[in-house]
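First up is the structure itself, then whatever we jot down about it.
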Amino acid sequence: MAELLSNPVFGISVSIAAYAVGVWLNKRLKTPLANPLLISLILLVCFFTVTGIPLEYYNEGGDMISFLIFPATASIGMSIYDNFDLLKRNLLPVLGGCLVGALSSVGSVWLLAKLFCMDDPILASLLPKSVTTAIALPLSEQNGGIPQITMVAVVIAGTMGAVLGPTLAKLFHIADSKVATGLAIGCSSHAAGTSTAVQMGEAEGAMSGLAIGICGLFTVLLSLFFKYLL
Amino acid sequence: MKVLWQVGILFAVCFLAQGAVELLPFAFPASVLAMVFVFLLLLTGILKKRQIKDLADWFSQNMAFLFVPYSVGIIQYFDLIRQNLFGILFISAVTMLFTFAVTGWAVKGLMRLQQKLERGHEHG
Chain A
1 MAELLSNPVF GISVSIAAYA VGVWLNKRLK TPLANPLLIS LILLVCFFTV TGIPLEYYNE
61 GGDMISFLIF PATASIGMSI YDNFDLLKRN LLPVLGGCLV GALSSVGSVW LLAKLFCMDD
121 PILASLLPKS VTTAIALPLS EQNGGIPQIT MVAVVIAGTM GAVLGPTLAK LFHIADSKVA
181 TGLAIGCSSH AAGTSTAVQM GEAEGAMSGL AIGICGLFTV LLSLFFKYLL
Chain B
1001 MKVLWQVGIL FAVCFLAQGA VELLPFAFPA SVLAMVFVFL LLLTGILKKR QIKDLADWFS
1061 QNMAFLFVPY SVGIIQYFDL IRQNLFGILF ISAVTMLFTF AVTGWAVKGL MRLQQKLERG
1121 HEHG
């Protein structure tokens, strides 16, 4: 049995099965709260706790999937290229907005974490939390954070933006500007929020998508100084 | 065959980024540098969009799935998360609202500035 379960096909197939259930439930329930990643995580955690199958067996296949995050992140470069005309036309608001977005996120996380007297590994895990998972994880790891805690924070920010994006835009009086709404959603809640921005309109969606890459890049540059913040 | 070429091209760019990162004097994620490389190669026309499009689209449609195995590792950190649960939830939520508001207001201000600059340009 051990030999069978430690074959990579086991980890890969249970991952796909759990994710398929997540996508199905997401379509059924029609709410961003039913996040497919979150659902598959809960299913798999229950599965491994109940069966007692060691995680090392699962990781034989899981690591192969995780490896693909590298080329997948590289391909985000194509979506920046796709939106490059839009970037050129709105150069000042996009670059300025994303810089402010990255600074305010990192700054507010740092301030609150210090107020809460959080330990350094937790602080390092939370600092990159408003950018897309693919960019947040290596930044967290690089500075001694725990990627899984980063994922929790990234998913919270993303889900909040996806659910509350339109409401927040009205609340903060930015709903009258599509560019401001799109960039605010993209900078605060990355790809998950972008899925909602796309539903709000083409301009909001494109701006939000652009913010994933640009705000991500600014956060990477800021992360070079994270070690002085810890 | 077409997809195989696309895998080859994208992985080669990743390999270059990995090599470049090791030469840098500071820590920088190779995947993010590879993202910048892909953007620059497309912009300069060295790489054509059709040479990576199918693969890049597939990745962006299935991005969330790739994080499933990583997320399962959370089992090992349950205790640590429980000890810091309130802080993690509170900070994640409050900073999200703050980032949203500040970014939105900054963009509105900058757009007014841009309009003013453009108008000044026309009249001047």
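Residue numbers (the numbering used here), protein chains in the order written: chain A, 1 to 230; chain B, 1001 to 1124. Ideal placement from N, C-alpha and C gives every residue a C-beta, glycine not left out.
Through-space distance from residue j to residue i, alpha-carbon basis
i	j	result
Q1083/B	F70/A	32 Å
S223/A	P1029/B	10 Å
L1043/B	D176/A	32 Å
E202/A	L38/A	27 Å
A192/A	G186/A	9 Å
I146/A	E1118/B	46 Å
G209/A	H190/A	8 Å
F67/A	Q1115/B	45 Å
Y228/A	V198/A	37 Å
S79/A	C117/A	39 Å
L55/A	K1002/B	36 Å
L86/A	A34/A	32 Å
I135/A	F1067/B	12 Å
L1016/B	S1031/B	11 Å
S105/A	R89/A	25 Å
I1075/B	L25/A	23 Å
Contact check, residue i vs residue j, beta carbons under 7 Å
i	j	result
Y19/A	F1065/B	yes
T219/A	E204/A	no
M1063/B	S188/A	no
M1111/B	P8/A	no
P75/A	F1037/B	Reading off the sequence, residue 75/A comes out as Ser, not Pro. No, they are not a contact pair.
I1052/B	L1089/B	no
A1106/B	G161/A	no
V23/A	P36/A	yes
S15/A	I65/A	yes
G178/A	A153/A	Per the sequence shown, the amino acid found at residue 178/A is Lys instead of Gly. No, the Cβ-Cβ distance between K178/A and A153/A is not below 7 Å.
E60/A	G101/A	no
S125/A	I156/A	no
F172/A	A1101/B	yes
I1091/B	L112/A	yes
Proximal residues of chain C, C-beta to C-beta of residue i below 9 Å
i	result
L1024/B	You won't find chain C in this structure, because its protein chains are A and B.
Closest Cα partner of residue i within the set the options
i	options	result
S6/A	L139/A, L210/A, D63/A, K227/A	D63/A
E141/A	E60/A, L171/A, I122/A	I122/A
D120/A	L230/A, I212/A, A2/A, E3/A	L230/A
S40/A	F1086/B, I1091/B, Y1070/B, V1094/B	Y1070/B
Cβ separation of residue i and residue j, assumed to be a contact under 8 Å, to the nearest whole Å
i	j	result
V1013/B	A1034/B	6 Å
G1104/B	A184/A	4 Å
message = Suppose only complete runs of 4+ residues qualify. What are the alpha helix (DSSP H) ranges in the region 1041-1092 of chain B, listed by chain order?
response = 1053-1061, 1068-1072, 1078-1083
message = Which complete alpha helix (DSSP H) runs does the region 69-113 of chain A hold, if anything under 4 residues is left out?
response = Runs found: 69-74, 76-82, 84-89.
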